[in-house]
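J.:
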Amino acid sequence: DTEVTQTPKHLVMGMTNKKSLKCEQHMGHRAMYWYKQKAKKPPELMFVYSYEKLSINESVPSRFSPECPNSSLLNLHLHALQPEDSALYLCASSQGGGGEKLFFGSGTQLSVL
Amino acid sequence: GEDVEQSLFLSVREGDSSVINCTYTDSSSTYLYWYKQEPGAGLQLLTYIFSNMDMKQDQRLTVLLNKKDKHLSLRIADTQTGDSAIYFCAEPRRADSWGKLQFGAGTQVVVTP
């Protein structure tokens, strides 16, 4: 199994809603990532978890809250988002360590109204 | 400069070869990566090259690395309509051991019949 699975594929939410994005991998990878991608732009790193601990937060606003319940799962909790947060949110995983390959999920396309 | 640089657009006829170029920033990068993103999808790791190699061939894909000029290229032989996508080159960010990648802006490849 070399897949990273993300749900939902599409999400529309209002600015007062609370929602969660989910990501799962069964490759035994110990590092998991959240990226944000605007149309026609490269992905931008948001968070990195390594061995289930948050190791990197790229100065992301607190309305985005990551959670890593176990080594296979990664969540991104959303609350009070702004329309400019509309984007493709990508989850990725890697074995852990230096210079290894990232495997990406197909993303959640988020629209904030 | 600090950015990984790529040309933004390439148009190629079906059956011809495509060459996508990238200039990276860190001469100490151990691996360099090429990712492919089709419309509405996540990023797919296409191929990668270790920094002690000059060339890597994988079926229709050839990666060339010029370390002196920090130049990376991806050649796709016999380009097919299914190769239409955005291609990102990426290098690990400096002083980082958890797979944080610096992506180029992406090259949109359009294959015409």
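Chains as they are written, first to last, in the numbering used here: chain S, 1 to 113; chain D, 114 to 226. The beta carbon of each residue, even a glycine, is placed where N, CA and C say it ideally should be.
Determine, for S:Pro-8, whether the minimum Cβ-Cβ distance to residues of chain D falls below 8 Å.
T.: With 8 Å as the cut-off, S:Pro-8 does not count as an interface residue toward chain D.
J.: For S:Cys-14, is the classification buried or exposed, using 16 other Cβ atoms within 10 angstroms of its Cβ as the cut-off for buried?
T.: The sequence given here places Gly at residue 14 of chain S; Cys does not occur at that position. Result: exposed.
J.: Is it true that the CB of D:Leu-178 sits closer than 8 Å to the CB of D:Leu-145?
T.: Against a cut-off of 8 Å, the Cβ pair of D:Leu-178 and D:Leu-145 comes out as a contact.
J.: List the residues of chain D whose Cβ lies closer than 9 Å to the Cβ of S:Ser-106, in chain order.
T.: In chain order: Gly-153, Ala-154 and Gly-155.
J.: Are there 16 or more other CB atoms within 10 angstroms of the CB of D:Gly-114, so buried, or fewer, so exposed?
T.: Residue placement at D:Gly-114 cannot be trusted, given a pLDDT of 44 that sits under 50; what the coordinates show is reported in the next sentence. Per the 10 Å Cβ criterion, exposed.
J.: Thinking S:Ala-87 and S:Lys-38 are a contact (beta carbons under 8 Å), I'd like their distance in whole angstroms, please.
T.: Contact holds; Cβ gap of about 5 Å.
J.: Give me the subset of the region 161-175 of chain D whose CB atoms are less than 8 Å from a CB atom of chain S, sorted by chain position.
T.: From the region 161-175 of chain D, only Tyr-161 have a Cβ closer than 8 Å to chain S.
J.: Say whether the region 43-53 of chain S touches the region 114-123 of chain D, bearing in mind that this needs 3 or more beta-carbon pairs closer than 8 Å, one atom from each stretch.
T.: Contact between the region 43-53 of chain S and the region 114-123 of chain D is absent, because fewer than three Cβ pairs lie under 8 Å.
J.: Between the region 21-40 of chain S and the region 184-195 of chain D, do at least 3 Cβ pairs fall closer than 8 Å?
T.: Contact fails: fewer than three Cβ-Cβ distances are below 8 Å.
J.: Looking only at C-alpha atoms, which of D:Ile-199, D:Leu-156 and D:Asp-182 sits nearest to D:Ala-141?
T.: The amino acid occupying residue 141 of chain D in the given sequence is Ser; Ala does not appear at that position. Comparing Cα positions, the closest option is D:Asp-182.
J.: Tell me which residue opens and which closes the beta strand (DSSP E) that D:Asp-171 is part of.
T.: Note, D:Asp-171: beta strand (DSSP E), 168-171.
J.: Within the continuous beta strand (DSSP E) that includes S:Pro-83, where are the two ends?
T.: Neither: S:Pro-83 is in no beta strand (DSSP E) and is coded neither H nor E.
J.: At the 8 Å Cβ level, is D:Ala-198 part of the contact set with chain S, yes or no?
T.: No, no contact with chain S.
J.: Just the chain S side, please: which residues come within less than 9 Å of D:Leu-158 by C-beta, in chain order?
T.: Within chain S, the residues near D:Leu-158 are Lys-101, Leu-102, Phe-103 and Phe-104.
J.: With a 10 Å radius around its C-beta and 16 neighbouring C-beta atoms as the bar for buried, classify S:Pro-8 as buried or exposed.
T.: Result: exposed.
J.: Measuring alpha carbon to alpha carbon, tell me which of D:Pro-205, D:Asn-165 and D:Tyr-148 ends up nearest D:Lys-213.
T.: Per the Cα distances, D:Pro-205.
J.: Hey, how far is the Cα of S:Glu-24 from the Cα of S:Phe-103?
T.: Rounded to the nearest angstrom, the two C-alpha atoms are 12 Å apart.
J.: By Cβ distance, which residues of its chain are closer than 7 Å to S:Met-46, with the 5 residues on each side in sequence left out?
T.: Cβ neighbours of S:Met-46 beyond the five flanking positions: Trp-34, Tyr-35, Lys-36, Glu-58, Val-60 and Phe-64.
J.: Taking D:Leu-185 as the query, report the chain S residues whose CB atoms sit under 7 Å from its CB, ordered along the chain.
T.: Neighbours of D:Leu-185 on chain S: none; closest Cβ ~15 Å, over 7 Å.
J.: Does chain D have any CB closer than 8 Å to the CB of S:Leu-78?
T.: Answer no: the Cβ-Cβ gap between S:Leu-78 and chain D never drops below 8 Å.
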